[in-house]
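Position one of the sequence shown corresponds to residue 161 (our numbering), numbered consecutively onward. Glycine is no exception: its CB is placed at the ideal position from the N, C-alpha and C atoms. The block underneath contains the structure these notes are about, expressed in structure tokens.
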Amino acid sequence: MGVPVAGIVAGYTLSSSILVIINKVAVTAFPYPAILTMLQYLCSVLFVVTKAVIQPKSEGSVKGVLGDSSWFSWGTFKAFFPAALTYFICIFTNTKILQYANVETFIVFRSSTPILVAICDSLFTGRAWPSLPAFASLGVIFMGAITYMITDSAFTVRAYSWAFAYLVVITFDMIYIKHVVMHIGLPTWGLVYYNNLTAFLLSPPVLYGMGEFRGVIAQDSQAWWTQIVPIVASCLFGVAISYFGFSCRQALSPTAFTVLGVMNKLITVLVNIMIWDKHASVVGIGALLLCILGGVLYERAVKKEREAADNKEKEIKEGDKDSLPIETTVHGPSSWNERFGWRRLFRQAGKANGEYSGVEDDKLLPMSPMREEGKQEP
């Protein structure tokens, strides 16, 4: 039995909110972000392998976990590689932000992603453009993030460089990963396995280039006792975020997934205030609450748009099919085909359900009920 959507969202909220704090603690105690992320990838891979070994006759079998009968499929690896590379860069830049800046800096740039994702979502995935209320809500998020940024004086050029790199990569990640998840045909644990396996294989060149191995070898052996707990905690939460993150990508649209991630940062801010000496001012906290308010307003606006679109589609599909005349000519943009949005409906539903004729997009016509039953029309 699968995890319900509410459970997936709750799991993602918890893991996403706490992981940022844990990673900040871990990278502060263990200042080697590339090694830290490599250990997280390895832990996720080993978790999936262990699950497949100890549950050979259930959903945890190799076939159930990976979607095929082997531990490694070259075809699946090649298909998944671009998405895993994007994920690797995203996690790496994320960790570098936490190394050189505070949690609030990360939240500012993370809060800006729904705006870019909403635009790219409409441009590249065919979704309708957000309505004016939705865009206004995104503007509220952005205003809150900018206000917070202005009130924080702990920014550096190096931190901003990593932050802007993260902003670009995370926007691409939110759009492209959704496409991979929906078309590659792997179960959730299979996505976790191939994603983290690929990222783990990409880690050694980065480690060598940054010289982190030399730093680890040179450090005092006594330091490990203070580093082991945050490292293990970050690895365990890394497994959780991998599973719930992919599950959310499958259940939600890219923009909704992004906004959910932004709203999760409210918990992050509260925890951050409690455990760190340096935190935002009253104005800064107010600005972050403004970001959260913008996220709530955006979700409400998107929900209303979705409900209106569903109702309109239902009316068209369940309307007077029998009373609609059979169109025999192609009309211009002012035709009822354009006014009632048939072209969009044919692409999204009609072709898949076999309810419409297979003519060209600019000539799509509703199929006669008699033709559907195989009868001759008068």
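- Its Cα nearest to that of A469, the residue R287 stands out among A261, L202, R287 and V187.
- By the 16-neighbour rule on beta-carbons within 10 angstroms, N471 is exposed.
- Note on the segment 268 to 341: there is no whole beta strand (DSSP E) run with a minimum of 3 residues.
- In this structure the segment 375 to 382 does not touch the segment 171 to 185; the number of beta carbon pairs closer than 8 angstroms is below three.
- In this structure, the CA atom of E467 is about 12 angstroms from the CA atom of E459.
- If you draw a straight line from the Cα of I445 to the Cα of F302, it is about 15 angstroms long.
- Counting the other CB atoms within 10 Å of its CB gives P274 a total of 16 or more, which places it among the buried residues.
- Secondary structure at Y192: coil, using DSSP grouped into helix, strand and coil.
- Between L327 and the set F241, K256 and T307, the nearest pair of CA atoms involves K256.
- Burial check for A278: the Cβ neighbour count within 10 Å reaches 16 or more, so the residue is buried.
- Separation of L202 and S291 (C-alpha to C-alpha, rounded to the nearest whole angstrom) is 43 angstroms.
- Non-local beta-carbon contacts of Y308 in its own chain, meaning distances under 6 angstroms to residues more than five positions away in sequence, involve V268, G444, A447 and L448 in chain order.
- Going by DSSP, F240 is part of the alpha helix (DSSP H) stretching over W234 to Y260.
- Our two residues, T197 and A325, have alpha carbons roughly 17 angstroms apart in a direct line.
- Taken in chain order, the unbroken stretches of alpha helix (DSSP H) that lie wholly in the segment 363 to 443 and span 4 residues or more are 372 to 378, 384 to 411 and 414 to 435.
- Here V442 is exposed: its Cβ has fewer than 16 other Cβ atoms, across all protein chains shown, within 10 Å.
- A Cβ-Cβ separation of about 11 angstroms leaves L420 out of contact with V165 under the 8 angstroms criterion.
- Ranked by Cα distance from F332, the options L351, I310, G398 and L283 are led by L283.
- With a beta-carbon spacing of about 5 angstroms, V205 and L357 fall inside the 8 angstroms limit used to define contacts.
- When the alpha-carbon of I330 is set against those of A194, T246 and W384, the nearest one is in T246.
- A319 sits away from T253, with the two beta carbons spaced by 8 angstroms or more.
- Sequence-distant partners of P390 (beyond 5 residues in either direction) whose C-beta falls short of 6 angstroms from its own C-beta, in its chain, are V185, A186 and A189.
- Of all alpha-carbon atoms in W234, A305 and V352, the one lying nearest the alpha-carbon of S407 is that of V352.
- Close CB contacts of Y336 within its chain, under the 8 angstroms cut and outside five residues either way in sequence, are with P242, A243 and T246 (chain order).
- Taking the Cα of W349 as reference, the smallest distance to any Cα among Y403, N432 and W234 is reached at Y403.
- Relative to the Cα of V208, the nearest Cα in the group K425, F232 and P193 belongs to F232.
- Linking S363 to K463 through their CA atoms gives a straight-line distance of about 40 angstroms.
- Straight through space, the alpha carbons of I433 and Q387 are spaced by roughly 22 angstroms.
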